[in-house]
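Everything on this sheet refers to the single structure shown next.
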Amino acid sequence: MKLNIAYPANGTQKCFELSRKDEQKLYSKKIGDQFDGGLLFPEFEGSILQINGGNDYQGFCMSASYDTDKRRKELLKEGDVGYKCRVKGVRKRKSVRGSRVSNEIQVLNMSLIRENKVIEGLTDCFNDKSHLPKRLSKLCKEFGLPEGSNIRKFIKENREDTSKRMPRLRVILPKDDKIAERKEADKKAKLAQKEKIQKEREEYLAKYGSIRSE
Numbered sequence: 001m002k003l004n005i006a007y008p009a010n011g012t013q014k015c016f017e018l019s020r021k022d023e024q025k026l027y028s029k030k031i032g033d034q035f036d037g038g039l040l041f042p043e044f045e046g047s048i049l050q051i052n053g054g055n056d057y058q059g060f061c062m063s064a065s066y067d068t069d070k071r072r073k074e075l076l077k078e079g080d081v082g083y084k085c086r087v088k089g090v091r092k093r094k095s096v097r098g099s100r101v102s103n104e105i106q107v108l109n110m111s112l113i114r115e116n117k118v119i120e121g122l123t124d125c126f127n128d129k130s131h132l133p134k135r136l137s138k139l140c141k142e143f144g145l146p147e148g149s150n151i152r153k154f155i156k157e158n159r160e161d162t163s164k165r166m167p168r169l170r171v172i173l174p175k176d177d178k179i180a181e182r183k184e185a186d187k188k189a190k191l192a193q194k195e196k197i198q199k200e201r202e203e204y205l206a207k208y209g210s211i212r213s214e
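In the working numbering, the protein residues as written are 1 to 214.
Laid out in structure tokens, this is it:
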């Protein structure tokens with residue numbers, strides 16, 4: 001079994017090979033479980049690892065929605081693990097692996113939650129961000145620009161420095177927040193109107209009773 005252990009704090013990742021005897025210690029553990037890394041490797045003694053997912057020997061991914069170590073064929077919708085929805089609203093029956101680790105799992109993805117010792121290639125190095133933030137205020141802070149600067153013009157002039165980190169520029173402006181606030185206000189107003197109509201209906205029925213056709 002192969003273990004892909006990621007360290008989100010530094011943006012690094014390293015692959016480890018696990019023998020058949022050692023991987024038996026992970027059997028019956030499920031996605032989301034945390035345990036001491038010394039269970040697998042001595043250099044991880046005192047460190048906390050968390051299981052995030054994995055794949056079996058045929059490439060079917062693990063899903064946290066099913067508490068089993070077997071493969072199941074479920075009706076998946078948009079957002080579910082193992083199904084990429086290409087048409088909105090379309091559901092499809094696909095095969096996924098349960099959330100528990102078994103001898104059929106080939107690759108297991110983990111993350112290092114808390115480190116105790118320096119691990120070569122994982123905690124002793126640092127990888128820069130692969131993408132820039134989308135919010136305008138955070139972009140200005142990233143490049144040291146004053147608030148409200150023309151960030152698109154700056155990106156075009158400094159394309160050599162930022163092209164590897166930003167394949168596509170999608171800036172979230174303050175007006176987008178106002179649009180979201182307006183939508184939320186409209187939603188609350190509709191809900192209040194619905195509750196008002198329901199309350200008036202209940203008062204009418206309590207006073208006059210229901211009208212039944214004879």
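Just so you know, even glycine gets a beta-carbon here, dropped at the ideal spot from N, CA and C. Predicted model, so just to flag it, every value in this text is computed and none were measured.
- According to the DSSP secondary-structure assignment, Ser-95 is paired through a beta bridge with Lys-73.
- Between Glu-104 and Asp-56, the C-beta spacing is below 8 Å.
- Note on geometry: alpha-carbon atoms of Leu-108 and Gly-82 lie some 15 Å from one another.
- Only exposed fits Leu-191, as fewer than 16 other CB atoms lie within 10 angstroms of its CB.
- Using a 10 angstroms sphere on the CB of Gly-54, the tally of other CB atoms reaches 16 or more, which defines it as buried.
- In the structure shown, Leu-40 falls within a coil segment according to DSSP collapsed to helix, strand and coil.
- Going by C-alpha positions, Arg-93 is about 47 Å away from Glu-203.
- The distance from the Cβ of Gln-34 to that of Leu-49 is about 7 Å, consistent with a contact at the 8 Å cut-off.
- Distances from the CA of Arg-72 to each of Arg-97, Val-118, Cys-15 were compared; the closest alpha carbon is that of Arg-97.
- The residue from Ile-119, Lys-183, Lys-178 with its alpha-carbon nearest to that of Ile-5 is Ile-119.
- Per DSSP, the unbroken beta strand (DSSP E) holding Ile-113 starts and ends at 105-114.
- For Cys-140, the CB contacts under 8 Å within the same chain, skipping 5 residues up- and downstream, are Pro-146, Glu-147, Gly-148, Ser-149, Ile-151 in chain order.
- In terms of Cβ geometry, Gly-11 and Asn-116 do not form a close pair [threshold 8 Å].
- Excluding sequence positions up to five before and after Gln-13, its CB lies within less than 8 Å of the CB of Asn-4, Ile-5, Ala-6, Tyr-7, Leu-122, all in the same chain and listed in chain order.
- With at least 16 other beta carbons inside 10 angstroms of its own, Leu-112 counts as buried.
- For Glu-17, the uninterrupted beta strand (DSSP E) segment begins and ends at 12-17.
- One thing to note: Asn-52 has its Cβ within 8 Å of the Cβ of Met-110.
- At the C-beta level, Met-62 and Ser-99 come within 8 Å of one another.
- Counting along the chain, the unbroken beta strand (DSSP E) around Lys-2 starts and ends at 2-7.
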